[in-house]
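Chains as they are written, first to last, in full-length UniProt numbering: chain A, 1 to 305; chain B, 1 to 528.
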């Protein structure tokens, strides 16, 4: 537990360092927000006036200190585009991303773990080989392409699902499935690999010798231990969900933070880019902490470290 | 969407009457539960990008203008054919020296927030546009032209810095829309539109939609639509699918590749109609006139001669466009058409020019492009290979590209940028096409003269043409400018793309304006 506390205490310092890196990286991007806002037809005078209005004419360290001072008070600044508070933008977009990501991850776990267990139980037989081939396809297909294919089939041809946007549950089906593709493949492979190793171990043989039914061995003994690497990798992969969200949300016009980020980068809307990236970093750090906590619960041997 | 078809002929008159009556009753009974779209009163429009602002003066984007148009009105309006008509102003006159313009205003008009739209409001709106402190993104052309705005009784007087023949066209563009002085003072215009137009702003959800409803107090003919919703997608294939599924009733722009699908009348496509309105966006390559060997006009002309513009239009636009050979786009008054054969490649003549310039063995040059224009660069690469010129294509993301395109001569030389590919749109206003692209004072980074072309005669002719009220004299100046630019070839005009848009069947009255805007204010659904 002390290890966990130590890591929690380090969080603010990590965030400080990350904020400086993000700030420097964003301002190192070529492209001028004022030029992008005003369009190529704007004369130089308008660009200079916009710089002054947006505070972009100040030295970078001054801009960073200003940003930091406001951020510490929970104020992430105003969008350069239309003056909306970044905090408000994050608050309205984040729920959509969390809902979609949560659903995708739930789907991935629900599909990946049992399928992985099936593959491990039938290792080498045709269900295993079929599932392994499927994971290979699933993890190498471009989400963007699968999304367009799904839209063409289920929205345009069959009219079963809405094409895009966010509304009732039917709007979730396509984007969540596309987003779940990669984590499902990953979880399936991790579950299978973990189980294959464990099913060879002595205590499983003991359990079998005792005459326990196979499903009980699988669920009570093997799966619980095989979940450690799965949770570790799944936890780490949640960060990857954000990059997946950027693509999926753009294609499906999903009003989440992924799409917010794409628009912000297009217009070099520095405060919004900072807000989204800081929030994502914080999210990944917290998820990693939670993953560690989960591993400690699953595997008593980890608690001593 | 349910539709009742008239029974086909063959039955007796009585049976047909009975069927009609039955159909009528079913229609009556069905309608209260119909979804709103079947009532044919609302409209969903899909654009390529989200709006940048609800403040008409603080943006410069076509998609944004499409959204703002139903909310706002200007002093005058310009129709798709270029003619100027009264709008918030009923009449106007100009002083003999061309410096002072007086506008009489339509009485009794109120903004959506209830503020009266009187002379004081119009003066406040235009002064805000000119205010350097407000630093509005769309203010450039106005601040360079208008000296002051004041009230005179119930009229408004606009005094110019110098005479400007295109003032009415300038005042008709969205940036000059009259905004509510109350909303301007409160600073809410960026997020909440407040004008005098036939539609009132409802909401703007980032990443989702902008909503509008009909203005019940509108002074003109009431709109047929009860509501408009705008959505957007940057993915052209999604836009096309939205038109087919009915997620959108009108889409703009539609990629030329999909237009072919509709033209071929495929079953899925039959539910929508495709239109190609004449566009004003001219695509061109700006040549860096300070970087050898492009500092030699013969070399620049040779590149122009080797371009097959007809092939570009056929191959890249699927025929939805027109070749462009001169600096002014074809719909601007005074523009010159392509001479016979000029829109075809003449590699032999191009090679001869290169030989004169001492480049018989060719040379290589770098172009910077954004992703959508990359196919143009690839086509040019193939065409120029035939005259021994190697085109190196550097594709850049929008923000990076803007940085490269607007770099000064030293930066461009250091990065070896010989050419920039892009497009420009200035419907009907020759001055707004020539001055930013060719005047010495507009040389990058100050303006969009991206190749640093400097020619005092051209500068003087641009000024002279903009200030004269005599149409014949202007036409002479513009003809001379175009001839000189064709010889100096600081840029290579390529083509003008049609504005392709698609609408669901049964939707009438949607229009595309030359600048790429989709106008839906007077759209209506045909009776089902």
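Even glycine gets a Cβ: it sits at the ideal position worked out from N, Cα and C.
Just to check my reading of the structure: residue i and residue j have Cβ atoms closer than 8 Å, yes? What is that Cβ distance to the nearest angstrom?
i, j, result
"residue 318 of chain A", "residue 63 of chain A", "Examination of residue 318 of chain A is not possible in this model, given that chain A is present from 1 through 305 alone."
"residue 74 of chain B", "residue 176 of chain B", "5 Å"
"residue 453 of chain B", "residue 289 of chain B", "5 Å"
"residue 455 of chain B", "residue 279 of chain B", "In fact, because the Cβ distance is near 28 Å, the residues do not count as touching under 8 Å."
"residue 287 of chain A", "residue 238 of chain A", "5 Å"
"residue 206 of chain B", "residue 255 of chain A", "7 Å"
"residue 50 of chain A", "residue 443 of chain B", "In fact, because the Cβ distance is near 20 Å, the residues do not count as touching under 8 Å."
"residue 489 of chain B", "residue 301 of chain B", "5 Å"
"residue 317 of chain B", "residue 494 of chain B", "Incorrect: roughly 10 Å between the Cβ atoms, too far for contact."
"residue 269 of chain A", "residue 80 of chain A", "5 Å"
I'd like the list of long-range same chain contacts for residue i, defined as Cβ closer than 7 Å, with 5 residues on each side in sequence excluded.
i, result
"residue 11 of chain A", "285"
"residue 134 of chain A", "none"
"residue 85 of chain A", "78"
"residue 244 of chain A", "143, 179 and 182"
"residue 343 of chain B", "309, 310, 323 and 325"
"residue 162 of chain A", "155, 170 and 171"
"residue 22 of chain A", "274, 277 and 278"
"residue 209 of chain B", "229, 230 and 231"
Under 8 Å between C-beta atoms, does residue i make it to chain B?
i, result
"residue 208 of chain A", "no"
"residue 152 of chain A", "yes"
"residue 91 of chain A", "no"
"residue 250 of chain A", "yes"
"residue 95 of chain A", "no"
"residue 143 of chain A", "no"
"residue 164 of chain A", "yes"
"residue 306 of chain A", "Because residue 306 of chain A is not part of the residues shown, which for chain A are 1 to 305, the question remains open."
"residue 268 of chain A", "yes"
"residue 156 of chain A", "yes"
"residue 31 of chain A", "yes"
"residue 84 of chain A", "yes"
"residue 255 of chain A", "yes"
"residue 57 of chain A", "no"
"residue 46 of chain A", "yes"
Is any beta-carbon of chain A found at less than 8 Å from that of residue i?
i, result
"residue 329 of chain B", "no"
"residue 215 of chain B", "no"
"residue 529 of chain B", "As displayed, chain B neither begins before 1 nor continues past 528, which places residue 529 of chain B out of reach and without an answer."
"residue 525 of chain B", "no"
"residue 245 of chain B", "yes"
"residue 205 of chain B", "yes"
"residue 237 of chain B", "yes"
"residue 449 of chain B", "no"
"residue 395 of chain B", "no"
Going by DSSP, what residues sit across from residue i in a beta bridge?
i, result
"residue 287 of chain B", "B:419"
"residue 192 of chain B", "Paired residues: none, contrary to the question."
"residue 198 of chain A", "For residue 198 of chain A, which the question treats as bridged, DSSP gives no partner whatsoever."
"residue 209 of chain B", "B:205"
"residue 93 of chain B", "B:102"
"residue 449 of chain B", "B:443"
"residue 274 of chain B", "B:502"
"residue 208 of chain A", "In the DSSP output, where bridge partners are listed per residue, residue 208 of chain A has none listed."
"residue 241 of chain B", "DSSP, once it has assigned bridges, lists no residue as partnering residue 241 of chain B."
"residue 495 of chain B", "B:283 and B:323"
"residue 82 of chain A", "BP columns for residue 82 of chain A are empty, so no partner."
Can you list, in chain order, the residues of its chain whose CB lies under 6 Å from that of residue i, leaving out five sequence neighbours each side?
i, result
"residue 426 of chain B", "432 and 433"
"residue 125 of chain B", "178 and 179"
"residue 510 of chain B", "250, 503, 520 and 523"
"residue 167 of chain A", "none"
Go through its chain and collect everything with a Cβ distance to residue i's Cβ below 8 Å, but skip five positions before and after it.
i, result
"residue 290 of chain A", "235"
"residue 508 of chain B", "523, 524, 525 and 526"
"residue 110 of chain B", "116, 117, 196 and 217"
Between residue i and residue j, is the Cβ-Cβ spacing less than 8 Å?
i, j, result
"residue 123 of chain B", "residue 286 of chain B", "no"
"residue 69 of chain B", "residue 514 of chain B", "no"
"residue 232 of chain B", "residue 61 of chain B", "no"
"residue 354 of chain B", "residue 332 of chain B", "no"
"residue 282 of chain A", "residue 15 of chain A", "yes"
"residue 368 of chain B", "residue 404 of chain B", "yes"
"residue 272 of chain A", "residue 89 of chain A", "yes"
"residue 361 of chain B", "residue 374 of chain B", "no"
"residue 505 of chain B", "residue 272 of chain B", "yes"
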